[in-house]
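J.:
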Amino acid sequence: VSTARVADTWVKTTCGYCSVGCGMLVGVKDGKAVAARGNPDHPVNRGKLCPKGLSEHHILDGPGRAKLPLLRKNGKLEPVSWDEALSTMVERIANIQGRHGLGSLGVVGTGQLLTEEYYTLGKLVQLGFRTPNNDGNTTLCMASAVSGYKLSFGSDGPPGSYADMSTADVVLLIGSNIADNHPILCTRVGEGPDKRPGRTLIVVDPRVTKTAMMADIHLAIKPRGDIALINGIAHILIRDGLTDSNYIAAHTINYDAFAAYVAAFTPQHVSEITGLSVEKITKVAHLYGRARAGFIGWTMGVNHSTQGAVTVAAINNLALITGHIGRAGAAPFSITGQCNAMGTRESGFTSALPGYRKFDNPEHREELAQIWGIDAEEIPKARGMAYPDIIEGAVTGKIKALWFIATNPVVSFPNYELLKQALESVEFVVVQDGFHPTPTSDFAHLVLPAAIWGEKEGTYTNSERRISKVNCIVTPPGEARSDFDIFLALAERLGVRDRLYPGWQTTADAYAEWQRVSAGRLCDYSPYSWKEIEDAGGIQWGGERLYADGAFPTADGRAILHNVPCDPFLEQPNEEYDFILNTGRTVEHWHTRTKTAQVDMLNKMVPNAWLEMNPVDAKRLQLRAHDKVTVTSRRSNVSGLELRITSIIAPGQVFMPFHFAETNSNRVTLGAFDPISREPNFKQCAVRVQKSSSQ
Ligand code: SF4
């Protein structure tokens, strides 16, 4: 197809959906984005794009764009000027903080923002509004990976690269359906030119996902059997002499205690917990242990758990005892979710201070204070509330004002009833988003219309730490303004603009300061200008892989092996709620569909949610394919789901995608969180299924 006639110009940029970070070219004609194609020169995707990337330009002029600031007056959201909107926001928040304390404001940002914007936001919230309670929606997706890396290696930062997936002998994916969720990354392990002869792909997932269908070995594990399996693999590696004793001695601590701990995870015991055969468990352990280079990737199947952080530490244990880390093809690698989940976790003021600095480290606070020209006492000494704690705080009365930026918790947060209570309990809700109405903006007192991907300039950092340039393609619709402009305008009204952002006009100024702040840190952006990043098709901070020299950022430079207990998940099925519900995604949609619902092609491909059920269960319940069913948990129910009867789901389990507001899976999910990472347990809750009564 000739693309030359479609557009007048093609703008180079980076996809704004998932963390794969594909390079793309967006065609512009008469000031409108009219086409998108993969950038053939980009090292991540080499010209390929998935359906979301190919249609991304359609979201820019979608019917659901927010175009005007709206303020609730007499119960109705009414258009107001930016001046009135911003003044009202600052006045209402000051009034609330005056009565209830500075910490009564809770802010939830997003991995959709540019790194430059997220950095600017962190300063505004913690040093301008002076509340420590700042977190990102990234706590709903990869906080467990962050915490797990810190537990094992002393710092966050995925040690490997996408290239390692291509060069490994054995790729072990745990709870990671990359065929749906990271489709272009999937090509690294798929068939075709990227499939290296002799490579073995092993997929651990309770469901026969599209990724599991590609696997050489699929371990259809019982839900939450992952820790037992990982400990069991460690047991076999040690028993059969497949560990790297030199690496263990030189670069780890706690080995003896760890070896004694996993001695109890015999293959027979693990088989009983996981439902996998002793032979399969042993085969996988031997393949990984004997590999020249073993790669372990994971995503939400691991992270979305009350034991997410320690499960990540257990995965890291495997890499450490075999020395499958810091070499080509060898890495324990968390695949992140959103386009800029990495950039925001490096630059944010959430679970860490910018540049992976620690709140409780006086030297770290002093370093930042010097750069910012402020007193170190202004910087919080401990992290504020995490996202779930902000929501709970709203219910209990500690939080009185909520500010959500480019996120839609009414659909994405677990246990909708509690979330709704939180939104209805506070005095003031601000929703800043590129789209309106959304299920969350329906609760807002103030809606701030924001520019989105394609309408602003800066950087995203992808799963492999690749900093990529994001460019402005068109102007935002109506009166929408970039998040960066909104933050500076609020700083102006708070009277802190000159002090916190001296001379700043554009995101380039934020990037320049972020370079100084990150200089010398593990995530060091200082050597790379925007131009160099753009010309190179992205640059990985830290190079292709971290810890190649075996030196870890811990107290004594050695990584820590952890004894990880394997606890049963909280809500086991019983007679009344006899299924385990698993929730997930599909390739055609993104998160809560604020973006993908704007695209006709994607809506036509997948217009509705569904429920997957095994034929054995369908027969027992006398249900037929395409029946409309209701899923009920102890919290609430979801009706009108179309039934898919399929053996890709095991008996006793059901699956539904979470994208759809009309059939919101989070009406039934469990509001339980990892005690370390605060990530929700989206993957297992007990439900019952029956035919919807309206049929
Ligand atoms: Fe965009 Fe991810 Fe698809 Fe690449 S794989 S085109 S980054 S959504």
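According to full-length UniProt numbering, the residues represented by the sequence shown are 31 to 725, in order.
Virtual Cβ for every residue (Gly too), placed ideally from N, Cα, C.
(1) Are His88 and Gln628 touching if we call contact CB-CB under 8 Å?
(2) Could you spell out where the alpha helix (DSSP H) holding Thr304 opens and where it closes?
(3) Would you mind reading off the limits of the alpha helix (DSSP H) that contains Leu90?
(4) Where does Ser677 land, buried or exposed, given buried means 16+ other C-beta within 10 angstroms?
(5) Near Asn528, what residues of its chain come up, given a Cβ to Cβ distance below 7 Å and the 5 sequence neighbours on each side ignored?
(6) Between Thr341 and Pro362, what straight-line distance do the alpha-carbon atoms span, to the nearest angstrom?
(7) Following a CB-centred definition, is Ile257 positioned closer than 7 Å to any heavy atom of ligand 1?
(8) Check Leu84 in the structure and name its three-state DSSP category.
(9) Cβ of Tyr47 versus every heavy atom of ligand 1: is any distance shorter than 7 Å?
(10) Is Gly89 near ligand 1, judged by its Cβ being under 7 Å from some heavy atom?
(11) Going straight from the alpha carbon of Cys502 to that of Val41, what length do you get?
(12) Just to confirm, does Leu272 get its C-beta within under 7 Å of one of the non-hydrogen atoms of ligand 1?
(13) Go ahead and label Ser32 buried or exposed: buried means 16 or more other beta carbons lie within 10 angstroms of its beta carbon, across all protein chains shown.
(14) Under the three-state reduction of DSSP, which class applies to Phe389: helix, strand or coil?
(15) With H, G and I counted as helix, E and B as strand and the rest as coil, what does DSSP make of Met172?
(16) Check whether the segment 574 to 582 touches the segment 179 to 195, taking contact to mean three or more Cβ pairs, one atom from each stretch, closer than 8 Å.
(17) Measuring CA to CA, which of Asn644, Lys721, Asp586 is closest to Ala280?
(18) Can you find at least 3 beta carbon pairs, one from the segment 143 to 151 and one from the segment 339 to 358, that sit closer than 8 Å?
(19) Closer than 8 Å by C-beta to Ile126: which residues in its own chain qualify, once you throw out the five before and the five after it? Chain order, please.
(20) Please look up how many angstroms separate the CB atoms of Ala321 and Asp246, rounded, as I've assumed it's under 8 Å.
(21) Using only the alpha-carbon positions, how far apart do Leu157 and Pro532 sit?
(22) Are Ser442 and Asn696 close, meaning C-beta to C-beta below 8 Å?
(23) Looking at the unbroken beta strand (DSSP E) that takes in Glu642, where does it start and where does it end?
(24) Quick one: does the C-beta of Asn367 sit closer than 7 Å to a heavy atom of ligand 1?
(25) Closest to Asn347 by C-alpha separation, out of Ser335, Ala264, Leu398, would be which residue?
(26) With 16 as the cutoff for other CB atoms within 10 Å, does Pro637 come out buried or exposed?
(27) Can you tell me whether Ile208 is helix, strand or coil according to DSSP?
(28) State whether the segment 372 to 380 contacts the segment 114 to 124, with contact taken as three or more CB pairs (one from each stretch) at a distance under 8 Å.
(29) Is it true that the CB of Ile303 sits closer than 8 Å to the CB of Cys596?
(30) So for Tyr149, helix, strand or coil by DSSP?
(31) Could you give the C-beta distance for Gly51 and Val74, rounded to a whole number, given that I count them as a contact under 8 Å?
(32) Is it the case that the CB of Asn207 approaches a heavy atom of ligand 1 more closely than 7 Å?
(33) When the Cα atoms are used, what is the spatial distance from Gly423 to Ala452?
(34) Should the segment 392 to 400 be regarded as contacting the segment 613 to 625, the criterion being three or more beta carbon pairs within less than 8 Å?
(35) Just to confirm, is the Cβ distance from Ala480 to Ala96 under 8 Å?
T.: On the basis of the data shown:
(1) Looking up residue 88 in the sequence shown gives position 58. Looking up residue 628 in the sequence shown gives position 598. It is a contact, given that the beta carbons lie within the stated cut-off.
(2) Position 274 of the sequence shown, counted from the start, is the residue given in the question as residue 304. Per DSSP, Thr304 is one residue of the alpha helix (DSSP H) stretching across 297 to 304.
(3) For the purposes of this step, residue 90 is identified with residue 60 of the sequence shown, where counting begins at 1. In the DSSP assignment, Leu90 falls outside any alpha helix (DSSP H) and carries neither an H nor an E.
(4) Position 647 of the sequence shown, counted from the start, is the residue given in the question as residue 677. By the neighbour-count criterion, in which a residue is buried when 16 or more other Cβ atoms sit within 10 angstroms of its Cβ, Ser677 is exposed.
(5) As a first step, residue 528 must be located in the sequence shown, where it is residue number 498. The displayed chain sequence assigns Asp, not Asn, to residue 528. So no residue of the chain qualifies.
(6) Within the sequence shown, numbered from 1, the residue matching residue 341 stands at position 311. Within the sequence shown, numbered from 1, the residue matching residue 362 stands at position 332. Each residue's Cα considered, the two are about 12 Å apart.
(7) By one-based count along the sequence shown, residue 257 stands at place 227. No, the beta carbon of Ile257 sits no closer than 7 Å to any heavy atom of ligand 1.
(8) Sequence index remark: in the sequence shown, residue 84 carries index 54 (1-based). Looking at Leu84 - three-state DSSP - the assignment turns out to be helix.
(9) Position 17 of the sequence shown holds residue 47. With a threshold of 7 Å, the Cβ atom of Tyr47 counts as near ligand 1, since some heavy atom of the ligand is closer than that.
(10) Translated into positions along the sequence shown, residue 89 becomes position 59. The question names Gly, but residue 89 is Ile in the sequence shown. Not so, every heavy atom of ligand 1 lies at least 7 Å from the Cβ.
(11) As a position in the sequence shown, residue 502 is number 472, starting the count at 1. As a position in the sequence shown, residue 41 is number 11, starting the count at 1. Going from the Cα of Cys502 to the Cα of Val41 covers about 8 Å.
(12) By one-based count along the sequence shown, residue 272 stands at place 242. Because no heavy atom of ligand 1 lies under 7 Å away, the Cβ of Leu272 does not count as near it: no.
(13) Looking up residue 32 in the sequence shown gives position 2. Caution applies to Ser32, whose pLDDT of 48 falls short of 50 and renders its modelled position unreliable; the model cannot decide the point.
(14) In the sequence shown, counting from the first residue as 1, residue 389 sits at position 359. In this structure, Phe389 counts as coil in the three-state DSSP scheme.
(15) For this step, residue 172 is matched to residue 142 along the sequence shown. Here Met172 sits in coil by DSSP.
(16) Segment contact: the segment 574 to 582 against the segment 179 to 195, three or more CB-CB distances shorter than 8 Å; contact assigned.
(17) Within the sequence shown, numbered from 1, the residue matching residue 280 stands at position 250. With distances taken between Cα atoms, Ala280 lies closest to Asp586.
(18) Judged by Cβ distances under 8 Å, the segment 143 to 151 makes no contact with the segment 339 to 358, as fewer than three pairs qualify.
(19) Indexing the sequence shown from 1 puts residue 126 at position 96. Around Ile126: Ser134, Leu135, Lys430, Ala431, Glu457, Phe458.
(20) Numbered from 1 along the sequence shown, position 291 holds the residue referred to as residue 321. Numbered from 1 along the sequence shown, position 216 holds the residue referred to as residue 246. With a contact defined as Cβ atoms closer than 8 Å, Ala321 and Asp246 miss out at about 13 Å.
(21) For this step, residue 157 is matched to residue 127 along the sequence shown. For this step, residue 532 is matched to residue 502 along the sequence shown. Those two C-alpha atoms are separated by around 14 Å.
(22) One-based indexing of the sequence shown puts residue 442 at position 412. One-based indexing of the sequence shown puts residue 696 at position 666. The Cβ atoms of Ser442 and Asn696 lie closer than 8 Å to each other.
(23) Position 612 of the sequence shown, counted from the first residue, corresponds to residue 642. 640 to 643 is the span of the beta strand (DSSP E), which, as asked, contains Glu642.
(24) On the sequence shown, residue 367 is found 337 positions in, with the first residue counted as 1. First, the residue type needs correcting, since residue 367 is Gly and not Asn in the sequence shown. The answer is no for Gly367.
(25) Indexing the sequence shown from 1 puts residue 347 at position 317. The residue from Ser335, Ala264, Leu398 with its alpha-carbon nearest to that of Asn347 is Ala264.
(26) For this step, residue 637 is matched to residue 607 along the sequence shown. It is exposed - the Cβ of Pro637 has fewer than 16 other Cβ atoms within 10 Å.
(27) Taking the first residue of the sequence shown as position 1, residue 208 is located at position 178. In the structure shown, Ile208 falls within a helical segment according to DSSP collapsed to helix, strand and coil.
(28) No, the segment 372 to 380 is not in contact with the segment 114 to 124.
(29) For the purposes of this step, residue 596 is identified with residue 566 of the sequence shown, where counting begins at 1. For the purposes of this step, residue 303 is identified with residue 273 of the sequence shown, where counting begins at 1. Yes, these two residues count as a Cβ contact at 8 Å.
(30) Position 119 of the sequence shown, counted from the first residue, corresponds to residue 149. Under the three-state reduction of DSSP, Tyr149 is assigned to helix.
(31) Locating residue 51 in the sequence shown gives position 21, where the first residue counts as 1. Locating residue 74 in the sequence shown gives position 44, where the first residue counts as 1. Contact between Gly51 and Val74 holds, with the beta-carbon distance rounding to 5 Å and staying under 8 Å.
(32) Taking the first residue of the sequence shown as 1, we reach residue 207 at position 177. In terms of side-chain proximity, the C-beta atom of Asn207 is found no nearer than 7 Å to any non-hydrogen atom of ligand 1.
(33) In the sequence shown, the residue the question calls residue 423 occupies position 393. In the sequence shown, the residue the question calls residue 452 occupies position 422. Annotation: Gly423 to Ala452 spans about 8 Å, alpha carbon to alpha carbon.
(34) No, they do not touch.
(35) Sequence index remark: in the sequence shown, residue 480 carries index 450 (1-based). Sequence index remark: in the sequence shown, residue 96 carries index 66 (1-based). Result yes, Cβ atoms of Ala480 and Ala96 sit closer than 8 Å.
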